[in-house]
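Data block below; observations after.
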Amino acid sequence: MVVAISERASLKQRSSYLKYLPAIYADSDFMGRFLMIFESVLGPIQNVVDNIPYYLDPKLAPQEAL
Numbered sequence: 001m002v003v004a005i006s007e008r009a010s011l012k013q014r015s016s017y018l019k020y021l022p023a024i025y026a027d028s029d030f031m032g033r034f035l036m037i038f039e040s041v042l043g044p045i046q047n048v049v050d051n052i053p054y055y056l057d058p059k060l061a062p063q064e065a066l
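Set out below in structure tokens:
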């Protein structure tokens with residue numbers, strides 16, 4: 001099976017959520033990959049929540065939100 005370079009690079013990525021766990025999990029490749037699932041799902045949601053004040057201002061809100 002041939003794996004593309006971008007796929008191999010994504011396999012080596014580690015979740016930034018590891019910094020919130022005890023140090024024993026920091027060396028676990030599985031845990032880093034496992035948390036990437038949640039980070040990829042929750043990241044866009046967190047971005048929207050962080051920018052709620054901009055959605056409430058009609059001058060700054062994205063056109064699709066109006």
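Going by the working numbering, the sequence shown opens with residue 1, and the numbers climb by one from there. Ideal Cβ positions, reconstructed from N, Cα and C, are used throughout, including at glycine. In this text, all values refer to a predicted model and were calculated from it rather than measured experimentally.
Inter-residue Cα distance where the pair is residue i and residue j
| i | j | result |
| --- | --- | --- |
| Tyr-25 | Gln-13 | 15 Å |
| Ala-23 | Ile-45 | 27 Å |
| Asp-29 | Ala-61 | 39 Å |
| Pro-58 | Asp-27 | 46 Å |
| Phe-71 | Val-48 | Because residue 71 is not part of the residues shown, which for the chain are 1 to 66, the question remains open. |
| Lys-19 | Ser-40 | 16 Å |
| Leu-56 | Glu-64 | 13 Å |
| Leu-21 | Leu-66 | 39 Å |
Check whether residue i and residue j have beta carbons under 8 Å apart
| i | j | result |
| --- | --- | --- |
| Tyr-54 | Leu-35 | no |
| Ile-43 | Ser-15 | Strictly speaking, residue 43 in this sequence is Gly, with Ile absent from that position. Their beta carbons are not under 8 Å apart, which means Gly-43 does not touch Ser-15 by this criterion. |
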